[in-house]
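Numbering (full-length UniProt numbering), first residue to last: 1 to 586.
Virtual Cβ for every residue (Gly too), placed ideally from N, Cα, C.
These figures come from a predicted structure and were not determined experimentally.
See below for the structure under consideration.
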Amino acid sequence: MNEPCLLRDSILACEGHALVTGGPGSGKTTIALRKAVKRIQQGMTPGQSALFLSFSRAAVARILDAAKLEATAAEQEQLSIQTFHSFFWDILKAHAYLLGAPRKLSILLPQDEKALSGGIDDEDDEWDKWLIERERLFCEEGRIAFDLFAPNATRLLATSSHLLSSLARRHPIIIVDEAQDTGQFAWQCIEMLAPHAQIVCLADLEQQIFDYLPGVGPERIAAIRAALRPLEVDLGTQNHRSPDSEILIFANDILAGQARGAPYKGISSFSYRPENPTPNWNHVLRRAIAQLLSKIRAESDSRPQTLAILVSNNRSALRMSNALNAIEPNVGKAVRHKLLFDEAEALLSARFAAFLLEPKDLAQLELDVAASMELIAAARRATGQAKAAVSKLLEQAGKIRGGKTLNINIVKALRGLISGLHADGFTGDPATDWLTVKYALRATGQNELLRVASQLDFLVAFRRGHRISAGLANEWLRDGAYTNARLALDQALAQEQILDGIEAPAGLQVMNFHKAKGKQFDGVVIVREARRTAAGVQSSFVWRGDEAPHPKSRKVLRVGITRARIHTLIVNPMWPACPILRGHKL
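Set out below in C-alpha cells:
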C-alpha cells in the first residue's frame with residue numbers, strides 16, 4: 001500500500017480530533033467527506049448530521065458537488081454543508097433573545113450597513129461610534145450585521161452550556177474547511193464545541209491570504225494544535241485538482257521564488273502593449289479568452305464550463321467588466337460574464353427601482369418624491385463619497401416632507417417619472433417591468449437618475465435577476481401589483497447571501513484574487529497590469545508595501561494560479577518586468 005493511501009486510512013480510522021494539511025487539490029475535501037460518510041454509516045440518531053463548515057458560498061458549492069460523488073442520496077441528507085455565516089445565523093435567529101435582543105431578528109445587509117454608516121471603515125475617525133450604533137441596532141431593533149454573527153453566536157455558546165451540548169449532539173462530527181483562516185470568534189466557537197464533538201480541521205499553510213482581517217494569522221494553526229492535540233496528516237503537494245498539468249508546480253515555484261527556466265504544462269502567457277497607445281481591453285481580453293479556450297481544448301477532452309478573469313483589486317475588476325461589456329473607450333464585441341464586486345450602491349439603487357414598481361397614489365406624489373430622494377441618498381452614501389450631494393438630497397427631501405414645494409431639476413424629473421410610470425402601468429412580467437423602470441430613469445436625463453440607471457446595469461453583470469424576478473412575480477400573482485416590491489427584493493438578496501445562495505459558478509466570472517479563494521474553474525486568465533506611480537511603472541502583481549522577496553504577493557498570486565483545473569493563462573504587459581515572474585519561461 002502506498003504512502004498516500006496510508007495517510008488517508010489514518011484519517012478515516014482516527015476517533016479523535018484531526019488536522020489535515022495539504023496544498024490545493026491535494027484531496028483534503030475528499031478525505032474529509034469520506035470521513036463524514038463513515039461517521040454517518042456508523043449510525044446517527046434522527047436530527048443528527050455531520051457538519052461541514054466553510055467560509056465562502058463558492059466553497060460550499062464545490063463541497064456539495066464533491067459530496068454527490070462520495071455519498072449516497074440518503075447519506076447526503078445527513079450531511080449539513082454550510083457557510084460559517086449560515087451556521088451562526090441559525091443559532092442567532094433561534095436563541096439571540098437570550099442575549100437581550102428582540103425575538104425576531106433581521107439581517108442588516110452589507111449595502112444597508114454601508115448606507116447607514118456612510119461607507120466608513122476602521123480607518124475613519126467615526127468608526128468607534130458606528131460600532132456602538134451597530135450594537136444598538138442589534139440589541140434594540142434586532143437588526144444584525146454579518147460582522148456581528150460570529151461574536152454573538154460565540155457569546156451565546158459561552159453563556160449557555162445547554163445550547164452548546166445540544167449543538168454538539170446535533171453534529172457529532174464537525175469539519176472546518178480553510179481552518180487557517182478562521183477568525184477569533186469562529187475559532188472560539190469550534191474550540192468550545194471540541195470537548196463534545198469530533199473536530200476535523202482542513203488547512204493549507206501556504207494559502208493564508210486573509211491575515212489582514214482581525215483575529216486571522218499564522219498563530220491559528222498553533223492554536224489548533226495546542227487546543228485539539230489532533231492527529232496531524234500532511235497530504236503535501238498531491239494534486240487531484242489538476243493532476244495532468246504542472247499548474248501546482250508552477251504555483252509552488254512562484255511561492256518559493258524558484259524559476260526552472262522552462263515552460264510548465266497548463267501555464268501560458270499572452271503579451272500586450274501597456275501604453276502608447278492605451279490598450280483596448282475588450283480586444284485584449286477577448287483574444288486572451290480565445291487563447292485560453294484553445295489551450296483547454298488541446299489539453300482536455302471535456303468542454304470548459306467555467307472560466308475566470310482574476311485581477312489584483314476591485315477597481316481593476318470593474319475596468320475589466322466594463323471592457324467585456326464593450327463600454328467606451330474599450331469598444332468591441334460584448335462578452336457575457338458575471339462581476340463579483342462591492343455591490344452596495346447597485347443593490348441600494350435596485351431598492352429605489354423596486355420602490356418605483358410599487359403602486360402609487362398620486363395624491364401622495366410629493367411624499368413619494370421625498371422618499372425617492374432618500375433612497376437615492378442612501379445609495380450614494382454607501383460609497384463613502386459625495387457627502388455634500390447626499391446632505392443636499394436629504395435636506396431637500398426634508399423640506400418636501402415639511403410641505404414646501406420645490407421645483408429643482410431632480411424634483412421635477414421625479415414627479416414626471418413617478419407620474420409617467422403610474423399612468424402607463426406595468427405588465428406583470430418582472431423582467432419587462434424592471435427594464436421599463438430603467439429606461440424611464442434614463443429618459444429623464446437627470447444626472448442622479450442617470451447614475452441610478454447605470455447602477456442597475458450592474459445587476460446584469462452580477463446575474464442577480466432570476467431570484468429577484470421570482471420574488472416580484474409572487475407579488476404580482478398575489479395582488480396584481482408589485483405591492484411589496486422592496487420587501488421581495490430584500491428577501492431575495494438575503495436568501496442569496498445567507499440562506500441558499502449556493503450555486504456552482506457557470507460561464508465567465510470576473511473578480512479579484514481574494515474573492516477567488518475557495519473557487520475553482522476549468523480555466524483562468526490572470527491579468528497583470530502596468531501600474532504607473534510616482535516611482536515609475538510597476539507590476540500589479542507586487543502589492544504595495546510588500547518588500548522583496550515579496551512573500552505576500554507571491555502567496556496571493558499562488559491562490560490565483562491554482563484556481564484552474566486545466567489551464568492558467570497570464571496576460572502579461574511587455575513592460576515593466578515583474579520580479580515575481582523573473583526567470584520563468586511561460
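Taking a contact as a CB-CB distance under 8 Å, the pair R415 and L365 counts as one, their CB atoms being some 6 Å apart. The alpha carbon of A153 has as its nearest neighbour, out of L116, L193, Q180, the alpha carbon of L193. Under the DSSP definition of a beta bridge, M511 partners with L310.
R39 sits away from I221, with the two beta carbons spaced by 8 Å or more.
Sorting A96, L394, G22 by C-alpha distance to the C-alpha of L248 places G22 at the top. Annotation: the region 31-87 contains the following complete segments of the beta strand (DSSP E) (minimum length 3 residues), in chain order: 50-54, 79-83. Note on geometry: alpha-carbon atoms of G420 and L441 lie some 11 Å from one another. At least 8 Å separates the beta-carbon of I408 from that of D368.
Each of D90, A354, M320 was checked against the Cα of A150, and the nearest Cα belongs to D90.
Out of V452, Q446, H196, E448, the CA that lies nearest to the CA of L435 is found in V452.
Counting along the chain, no alpha helix (DSSP H) covers Y272; the unbroken beta strand (DSSP E) around it starts and ends at 267-272.
Considering only K585, D361, L581, G560, the residue with the shortest C-alpha distance to H550 is L581.
Leaving aside the five residues that flank E475 on each side, the residues in its chain whose CB is nearer than 7 Å to its CB run, in chain order, Y482, T483, N484, A485, A488. If you draw a straight line from the Cα of D490 to the Cα of P110, it is about 11 Å long. Counting the other Cβ atoms within 10 Å of the Cβ of N447 gives fewer than 16, which makes it exposed. In this structure, L375 is the residue among G43, R8, A382, L375 with its C-alpha nearest to the C-alpha of G398. Under the three-state reduction of DSSP output, P430 falls in the helix class.
Residue range 149-159 is occupied by the alpha helix (DSSP H) that includes T154, with no beta strand (DSSP E) assigned at that position. With at least 16 other beta carbons inside 10 angstroms of its own, K35 counts as buried. In the DSSP assignment, G416 falls within the alpha helix (DSSP H) that extends over 409-424. In terms of Cα proximity to I11, the closest of A379, I175, F138 is I175.
Taking every protein chain shown into account, the CB of L98 has fewer than 16 other CB atoms within 10 angstroms, so this residue is exposed.
Close CB contacts of E395 within its chain, under the 8 Å cut and outside five residues either way in sequence, are absent. The beta carbons of L157 and C189 sit about 6 Å from each other, so the pair counts as a contact at 8 Å. Taking the Cα positions, Q385 is about 24 Å away from E328.
Using a Cβ distance threshold of 8 Å, L64 and L108 do not count as a contacting pair. Cβ-Cβ separation between R381 and A115: approximately 5 Å, consistent with a contact (criterion under 8 Å). Going by beta carbons, R260 and M574 fall outside the 8 Å limit. The C-beta of D125 has fewer than 16 other C-beta atoms within 10 Å across all chains shown, which makes the residue exposed. When K392, F426, L456, V437 are compared, the shortest CA-CA separation from A346 is found for L456. Remark: C-beta atoms of V335 and R286 approach each other more closely than 8 Å.
Residue pairing by DSSP puts F521 in a beta bridge opposite A564. Boundaries of the alpha helix (DSSP H) around L367: 365-381. By the neighbour-count criterion, in which 16 or more other beta carbons inside 10 Å mark a residue as buried, V200 falls on the buried side. Distance from R528 to N572 at the Cβ level is roughly 5 Å; contact confirmed, criterion being Cβ atoms closer than 8 Å.
Annotation: L348 to E113 spans about 11 Å, alpha carbon to alpha carbon.
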